[in-house]
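Report on the following structure.
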Amino acid sequence: MHKRLDADVVVAGGGPAGINAAVAAGRLGAWTVLVERYGFLGGMSTIALVYPWMTFHTMDGRQVIGGIAQEIVDRLRTAGASPGHLRDTCGFVRTVTPYHPEMYKLVALDMLKEAGVKVIVHSFLHEAVVGDGRIRAVRLATKSGPLEIRGHTFVDATGDADLAYFAGAPVLQGRTSDGKTQPMTMKFRMKGVDLEAVKRYMIEHPDEFYPKTPVDELADLPLTAVQGFYRHWKEANLPINRDQVLFFAGPDPDEVVVNMVRVQGLDGTDAEQLTEAEEQGRRQVWMIAEFMKKNLPGFGRASVTQVGMQIGVRETRRIDGQYALTMEDVLQGRRFDDAIARSGYPIDIHDPAGKNVTAAWIAGDGAYDIPYRCLLPKKIGNLLAAGRCISTTHEAHATTRLTPSAMATGQAAGTAAALAAAEDRSPCAIDAIRLRETLKRHGAILD
Numbered sequence: 362m363h364k365r366l367d368a369d370v371v372v373a374g375g376g377p378a379g380i381n382a383a384v385a386a387g388r389l390g391a392w393t394v395l396v397e398r399y400g401f402l403g404g405m406s407t408i409a410l411v412y413p414w415m416t417f418h419t420m421d422g423r424q425v426i427g428g429i430a431q432e433i434v435d436r437l438r439t440a441g442a443s444p445g446h447l448r449d450t451c452g453f454v455r456t457v458t459p460y461h462p463e464m465y466k467l468v469a470l471d472m473l474k475e476a477g478v479k480v481i482v483h484s485f486l487h488e489a490v491v492g493d494g495r496i497r498a499v500r501l502a503t504k505s506g507p508l509e510i511r512g513h514t515f516v517d518a519t520g521d522a523d524l525a526y527f528a529g530a531p532v533l534q535g536r537t538s539d540g541k542t543q544p545m546t547m548k549f550r551m552k553g554v555d556l557e558a559v560k561r562y563m564i565e566h567p568d569e570f571y572p573k574t575p576v577d578e579l580a581d582l583p584l585t586a587v588q589g590f591y592r593h594w595k596e597a598n599l600p601i602n603r604d605q606v607l608f609f610a611g612p613d614p615d616e617v618v619v620n621m622v623r624v625q626g627l628d629g630t631d632a633e634q635l636t637e638a639e640e641q642g643r644r645q646v647w648m649i650a651e652f653m654k655k656n657l658p659g660f661g662r663a664s665v666t667q668v669g670m671q672i673g674v675r676e677t678r679r680i681d682g683q684y685a686l687t688m689e690d691v692l693q694g695r696r697f698d699d700a701i702a703r704s705g706y707p708i709d710i711h712d713p714a715g716k717n718v719t720a721a722w723i724a725g726d727g728a729y730d731i732p733y734r735c736l737l738p739k740k741i742g743n744l745l746a747a748g749r750c751i752s753t754t755h756e757a758h759a760t761t762r763l764t765p766s767a768m769a770t771g772q773a774a775g776t777a778a779a780l781a782a783a784e785d786r787s788p789c790a791i792d793a794i795r796l797r798e799t800l801k802r803h804g805a806i807l808d
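Residue numbers (my numbering): 362 to 808.
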């Protein structure tokens, strides 16, 4: 016997996209339910230690993501849990946004409650009830038994397009040539790091690092990101298929988050392969930590203090939507009449099989548009996608997957869902001009 709930808008997934979607829908008066499988919110930001948030700005420092995403940063700053947007000291992007993940969990809950959203955690989505090309309800496995939630409009913010997949909407996965996806990464934290020693070494040995920030500027900046130590990594010859060291400073003054594990060739939507990925990732963590303690300046007294609850997943399923954003759209900084978000993050493809990262930057004004059609799947009339699983090619996915972009598409999806529910329409039938104007009134940066 299923327990049942009814809602105007149902958001599946409590990560950055889902949080922003639910807040947006609730603030517009929609009775909104947000469901999350873990016991807390934040998605990959809190589960997998994705840190810092990259990026709210173009390479020339112009902010292109605002709205609910910026409000979250402002609230974190007020709580002393983020310094706001800081210069990226490795220069891959203009700014990064450090934050404390535990406070993010609480800030998200506060905003959802203020918006009147019902949050249900410890609930695993496993089925969609579909009729006449519409989702009638989602079914969840919970600690208290089966739960069915019926709704007018649904938002898939699962990251893996789980709801779209269960509903029978067409989905794609990986690159066109062989279906392979970007590697998974088990992130971890280390404390006891002497970051001033790291910075001195960077200034003295600039050729060993990704040198987009000039040395004379680096001396005066707080250290946020370190990419390099090429010689140290090559000499270590560890059995990990990558070509450099990468870590980010904070949130504490002697703390870093390490992004170096690389698990390739496994499918993040297959339970058995995901199990294998978790084991590989945790074994790599300890190899990398020992290497850093023994070989890198500033790490002699460092220790591992936290490993992600789950391996970080960059790429799995994405919807096959009304429009698929392409690499050319991104690199040309293409504008769209139905744009619902912008981003200044470059193409950033971690090779599915090799050691390298392929990067390419945006032309024009340094930002590209994400059209509303990328949120609309085929075949299912009352479903929107948000975050990592929107409609793109494999190459364009390498920029839209980043957290600030996911927050922006989440706000757009939640806004569209609320408008659709209020007007008793399908999301594809709402007025894109009205949607854009509503987003701009709530702080989204679209012009």
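Beta carbons: idealized from backbone N, C-alpha and C, even for Gly. Just so it is clear, the structure is predicted and the values come from calculations on it, not from any experiment.
Asked, Found
"S766, enclosing alpha helix (DSSP H) - first and last residue", "764-784"
"CA-to-CA distance, D555 to G387, given in whole angstroms", "44 Å"
"Environment of S766 [buried if 16+ CB atoms lie within 10 Å]", "buried"
"C-beta atoms of R455 and H418 nearer than 8 Å", "yes"
"Local Cβ density within 10 Å of V576, reported as buried at 16 or more and exposed below that", "exposed"
"Residue from Y412, D367, K560, A383 with nearest C-alpha to A773", "A383"
"Coarse secondary structure for F570, derived from DSSP in three states", "strand"
"Cβ pair N743, P788 closer than 8 Å", "yes"
"Rounded C-alpha distance that separates D839 from N598", "Only positions 362 to 808 of the chain appear in this structure, which leaves residue 839 out of reach."
"Touch test, the region 670-686 against the region 540-551, Cβ-Cβ under 8 Å, three pairs minimum", "yes"
"Rounded separation between D730 and D523 - CA only", "25 Å"
"Contact check, V532 vs I680, beta carbons under 8 Å", "yes"
"Complete runs of the alpha helix (DSSP H) confined to the region 573-650 [at least 4 residues]", "576-579, 591-597"
"Beta-carbon spacing of M670, I481 below 8 Å", "no"
"Contact the region 753-770 vs the region 548-563: 3+ CB pairs below 8 Å", "no"
"Contact belief for G611 with P459 at Cβ below 8 Å, rounded distance in angstroms", "4 Å"
"Status (buried if at least 16 other CB within 10 Å, exposed otherwise) for L582", "exposed"
"N-terminal and C-terminal residue of the beta strand (DSSP E) that H552 is part of", "Before going on, a small fix: residue 552 reads as Lys here, not His. Where K552 is concerned, the enclosing beta strand (DSSP E) stretches over 549-552."
"Euclidean distance between Cα positions of F485 and I601", "33 Å"
"C-alpha gap between K655 and M648, whole angstroms", "11 Å"
"Beta-carbon proximity of K573 to G452, cut-off 8 Å", "yes"
"Extent of the continuous beta strand (DSSP E) to which S664 belongs", "664-668"
"Inter-residue spacing [alpha-carbon to alpha-carbon] between V617 and R623", "18 Å"
"C-beta contact flag for A866 and A373 at 8 Å", "Residue 866 is absent from the model: the chain starts at 362 and stops at 808."
"Contacts around P614, its chain only, beta-carbon distance under 8 Å, and the 5 residues preceding and following it disregarded", "L556"
"Sub-8 Å separation of T585 and R423 beta-carbons", "no"
"Beta-carbon separation (whole angstroms), L402 vs G375, contact threshold 8 Å", "4 Å"
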